[in-house]
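Colleague:
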Amino acid sequence: MTVEDRVRSATRAIAGAVHGVRPLVLPEVQPRARTRHRWRLWMAPVTAAAAVIAIAVALVIVRDFRSGQPVPPVNAASPAIPAYYVALNNALSQNSPDQVVVGDTFTSARLATVSPPAHSTFVGMTGAADDRTFVLGAQPFPFSPRWWPVEPRTWYLLRIAPGTDHPARLTRLPIPATPFGLEVAGMALSPDGSEFAVALEPNTSMNLGPELLRIYSVATGALLRTWTGPPSNVGWGAYLGRDNNTTLSWLADGHTLVFDYGAGVRAGVRMLDASRPGHDLIADSRPTAWSLALDACSRPVVTSDGKTVVCAATTGATGGTCSGEFREYSTATGKLTRTLYRYQAVCGTDGEVLWVSSSGNALIGYLNIPGAKPGKSSPVVGVITQGKFRPLSFPLASGAPLPDGVAW
Amino acid sequence: MDQVHTHPPSSAAPDAARQVTALYQVHALGLVRLAVIMLGDQAAAEDVVQDAFLGLYRQWGGLSDTSHALAYVRSSVLNGCRTVLRRRSRYDRTVFAEPAFESAEARALAGEEHREVIAAIRKLPDRQREALVLRFYLDMDEDEVAEAMRISRGSVKSATSRAIAALGRMLREGS
Numbered sequence: 038m039t040v041e042d043r044v045r046s047a048t049r050a051i052a053g054a055v056h057g058v059r060p061l062v063l064p065e066v067q068p069r070a071r072t073r074h075r076w077r078l079w080m081a082p083v084t085a086a087a088a089v090i091a092i093a094v095a096l097v098i099v100r101d102f103r104s105g106q107p108v109p110p111v112n113a114a115s116p117a118i119p120a121y122y123v124a125l126n127n128a129l130s131q132n133s134p135d136q137v138v139v140g141d142t143f144t145s146a147r148l149a150t151v152s153p154p155a156h157s158t159f160v161g162m163t164g165a166a167d168d169r170t171f172v173l174g175a176q177p178f179p180f181s182p183r184w185w186p187v188e189p190r191t192w193y194l195l196r197i198a199p200g201t202d203h204p205a206r207l208t209r210l211p212i213p214a215t216p217f218g219l220e221v222a223g224m225a226l227s228p229d230g231s232e233f234a235v236a237l238e239p240n241t242s243m244n245l246g247p248e249l250l251r252i253y254s255v256a257t258g259a260l261l262r263t264w265t266g267p268p269s270n271v272g273w274g275a276y277l278g279r280d281n282n283t284t285l286s287w288l289a290d291g292h293t294l295v296f297d298y299g300a301g302v303r304a305g306v307r308m309l310d311a312s313r314p315g316h317d318l319i320a321d322s323r324p325t326a327w328s329l330a331l332d333a334c335s336r337p338v339v340t341s342d343g344k345t346v347v348c349a350a351t352t353g354a355t356g357g358t359c360s361g362e363f364r365e366y367s368t369a370t371g372k373l374t375r376t377l378y379r380y381q382a383v384c385g386t387d388g389e390v391l392w393v394s395s396s397g398n399a400l401i402g403y404l405n406i407p408g409a410k411p412g413k414s415s416p417v418v419g420v421i422t423q424g425k426f427r428p429l430s431f432p433l434a435s436g437a438p439l440p441d442g443v444a445w
Numbered sequence: 010m011d012q013v014h015t016h017p018p019s020s021a022a023p024d025a026a027r028q029v030t031a032l033y034q035v036h037a038l039g040l041v042r043l044a045v046i047m048l049g050d051q052a053a054a055e056d057v058v059q060d061a062f063l064g065l066y067r068q069w070g071g072l073s074d075t076s077h078a079l080a081y082v083r084s085s086v087l088n089g090c091r092t093v094l095r096r097r098s099r100y101d102r103t104v105f106a107e108p109a110f111e112s113a114e115a116r117a118l119a120g121e122e123h124r125e126v127i128a129a130i131r132k133l134p135d136r137q138r139e140a141l142v143l144r145f146y147l148d149m150d151e152d153e154v155a156e157a158m159r160i161s162r163g164s165v166k167s168a169t170s171r172a173i174a175a176l177g178r179m180l181r182e183g184s
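Protein sequences appear in the order of chains R and C. Here the first sequence stands for residues 38 to 445, where the numbers follow the numbering used here. Here the second sequence stands for residues 10 to 184, where the numbers follow the numbering used here.
#1: Select from the region 128-160 of chain C all residues with a C-beta closer than 8 angstroms to any C-beta belonging to chain R, and list them in chain order.
#2: Shortest alpha-carbon distance to R:Lys207 belongs to which of R:Thr150, R:Asp168 and R:Gln176?
#3: Give the list of continuous beta strand (DSSP E) stretches no shorter than 3 residues that lie fully inside the region 164-191 of chain R.
#4: Since I believe R:Leu318 is in contact with R:Glu248 (beta carbons under 8 angstroms), could you give me their beta-carbon distance rounded to a whole number of angstroms?
#5: Which residues, taken in chain order from the region 39-57 of chain C, show a beta carbon closer than 7 angstroms to some beta carbon of chain R?
#6: Judging by CA-CA distance, which residue of R:Phe143, R:Asp42, R:Arg190 and R:Leu195 is the nearest neighbour of R:Gly223?
#7: Taking the alpha helix (DSSP H) that C:Arg42 belongs to, which residues open and close that run?
#8: Against chain C, with Cβ distances strictly below 8 angstroms, would R:Cys359 count as a contact?
#9: In the DSSP assignment, what residue or residues form a beta bridge with R:Gln381?
#10: Taking Cβ-Cβ distances shorter than 9 angstroms, what residues in chain C pair up with R:Val390?
#11: Name the residue from R:Asn281, R:His292, R:Gly200 and R:Arg45 whose alpha carbon lies nearest to the alpha carbon of R:Asp441.
#12: Check the C-beta distance from R:Val390 over to R:Cys348 and give it rounded, since I have them as a contact under 8 angstroms.
#13: Taking C-beta to C-beta, are R:Ala120 and R:Asp141 nearer than 8 angstroms?
#14: Closest to R:Ala225 by C-alpha separation, out of R:Pro204, R:Asp297 and R:Glu188, would be which residue?
#15: For the structure I just gave you, are there three or more beta carbon pairs, one from the region 424-440 of chain R and one from the region 36-44 of chain C, closer than 8 angstroms?
#16: Quick check: is the beta carbon of R:Arg49 nearer than 8 angstroms to any beta carbon in chain C?
#17: Give the secondary structure of R:Met162 by DSSP, where H, G and I count as helix, E and B as strand, and everything else as coil.
#18: Quick check on C:His123: buried or exposed, where buried means 16 or more other Cβ atoms within 10 Å of its Cβ?
#19: If we call anything under 8 angstroms between Cβ atoms a contact, is C:Ala37 one with R:Val58?
#20: Taking 8 angstroms as the threshold (beta carbon to beta carbon), is C:Val82 in contact with chain R?
#21: Is it the case that the region 58-66 of chain C contacts the region 77-85 of chain C, given that we only count it when at least three CB pairs across the two stretches are under 8 angstroms?
#22: Can you tell me where the beta strand (DSSP E) with C:Met149 in it begins and where it stops?
#23: Going along the chain, which residues of its own chain have a beta-carbon closer than 7 angstroms to the beta-carbon of C:Ala140, five neighbours each way excluded?
#24: Looking only at C-alpha atoms, which of R:Val62, R:Leu61, R:Arg45 and R:Leu63 sits nearest to C:Ile46?
#25: Run down chain R in chain order and give the residues with a C-beta less than 9 angstroms from the C-beta of C:Leu94.
#26: Compare the beta carbon distance of R:Pro134 and R:Thr158 with 8 angstroms and say whether it is the shorter of the two.
#27: Which residues in the same chain have their Cβ closer than 8 angstroms to the Cβ of R:Thr376, if we skip the five residues on either side of it in sequence?
#28: State buried or exposed for R:Gly230, treating a residue as buried only when at least 16 other CB atoms are found within 10 Å of its CB.
#29: Would you please verify whether the beta carbon of R:Leu318 is less than 8 angstroms from any beta carbon of chain C?
#30: From this set, R:Ala320, R:Ser394 and R:Leu288, which residue's C-alpha is nearest R:Pro267's C-alpha?
#31: Less than 8 angstroms between C-beta atoms, sequence neighbours within five positions excluded: which residues of the same chain meet that for C:Leu32?
#32: Just checking: is the beta-carbon of C:Ala168 within a distance shorter than 8 angstroms of some beta-carbon in chain R?
#33: Taking R:Ala256 as the reference, give the member of R:Thr283, R:Ser227 and R:Ser396 with the closest Cα.
#34: Can you pull the chain C neighbours of R:Glu41, defined as C-beta to C-beta under 7 angstroms?
#35: Select from R:Pro177, R:Thr352 and R:Leu148 the residue whose C-alpha is nearest the C-alpha of R:Cys384.
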């Protein structure tokens, strides 16, 4: 092995041990005013004209929404992309609480903006299979950067009704708030929206106890089941102000939970039959053949038929860019079954699967592609199907939604 | 009781705080990882990255082209790491401290071989260490490294080549 290879290998191993960073804390001061340049003087009317055109287009779209009865939901069994999503409007900062935007996947229209209840900020969301029912997580605001990941989460039900006068309705759920000291390592609403599963992980620095997987009734808030296991520590993903909403999921059968477990020899994707008695997260679940050890793939997402794992990886560097791939593996054999999409990626920035259809034939992916100039990157979100990528646009303050900051 | 908080769409342009925070969300983890390689200490690495983004926020209005923001932050992170290492070298001699890992498991994953290489990298002079890490960790080409370090391409070439030679010597001597 050459010295260069040893440097690559060692630096990536050290870097790979870092899984999360604390939130950015900005002071309550205004940055220096930007100097006006002459070319910007004529940009103003051009921008205004573009805004008028955009508003006109949006009005046509809104008229379509408003013209008739509520739009029927997408068939849950269909592989079609869900029509509506809920996304955090902005990256969480200390300056303002985060709202969520309810949007149309294909028209980029914004149906509603939902503010968090007083003294809280939204940090997570997960959706049922009907693309109309979502559970949102909120934490106290303002928050302490030190205790940010482990502040209690309270839960809200968001029902959306496109085409009506009240496109979004937020209701506090009776599900108890998470205890202080536990991080939300995953959350998933059952396909019919009746049960809410949440994985809770003790903060590594606080060492408060085991990993917990709990299922609550959405209607009553009652705790239905609890499983415990050794802390996972890795594999649930980095905490960047948005609670993980992809690596814990329900299969379409409505009783099997799939989760990515990161610790030790048990690392990999596991399946748990939530309808059977038990309380031991590891003993009661069975491993799939797919394991993180098999491939350098980012957070795996299991299709709702339980047959495949879909994930993103970045490989082979040439001149500052790498080859990014979205891959599909068999849960039965752990083997690569197909490469769903290849693209030129920025090295060190893996893509993410944000949503995947029941069979894996269509997915919504987050990609970090090289920007117009060397060394610059640009995050994009779009639909991947039949080896092609179709970018989507979002009416969000942050531009593209960030991983865990959107749910379909 | 229902709590409905809906607002009509707003067309307000994102402000500096939002743009800087959005940039942080996308790039903070990668930059902290870069700083951890340099410093071996995640808390210090996070401080350096926070300071770099804070500097970006303060300078945002003065940036002639905000598409250069990432390059600006990356340079700030490198400068910040250099400052931390010099301060350590001067006061407490912990430049070559073992990297601080999140857990024993992570430590085990890193392995003895990797720790040896990282310790050797941290013994290199600033310029050589930075060129080496940018070149082989981030897989930047020489032009990109030159832009990030604000030095010429020729200087990148010589710093990298000297770093590899020095590292080779150190690793041979250590084995």
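Even for Gly, the Cβ is constructed at its ideal location relative to N, Cα and C. In this text the structure is predicted, and so the values were computed from the model without any measurement.
Modeller: Checking against the coordinates, here is how it stands:
#1: Ile130, Leu141, Val142, Phe145, Tyr146, Leu147, Asp148, Met149, Asp150, Asp152, Glu153, Glu156 and Ala157
#2: Inspection of the sequence shows that residue 207 of chain R is occupied by Leu rather than by Lys. Cα-wise, what sits closest to R:Leu207 is R:Thr150.
#3: 170-177
#4: 6 angstroms
#5: Gly39, Val41, Arg42, Val45, Ile46, Gln51 and Glu55
#6: R:Arg190
#7: Ala25 to Leu48
#8: yes
#9: R:Ser360
#10: Correct list: empty, because the minimum Cβ distance to chain C is about 17 angstroms.
#11: R:Asn281
#12: 6 angstroms
#13: yes
#14: R:Asp297
#15: no
#16: yes
#17: strand
#18: buried
#19: yes
#20: no
#21: yes
#22: Premise fails: C:Met149 is in no beta strand (DSSP E) and is neither H nor E.
#23: Val154, Met158, Val165, Ala168, Thr169 and Ala172
#24: R:Arg45
#25: Within 9 angstroms Cβ-Cβ: nothing; C:Leu94 doesn't reach chain R, min ~16 angstroms.
#26: yes
#27: Glu362, Phe363, Arg364 and Glu365
#28: buried
#29: no
#30: R:Ala320
#31: Phe62, Leu65, Ala78, Leu79 and Val82
#32: no
#33: R:Ser227
#34: Phe145 and Ile173
#35: R:Thr352
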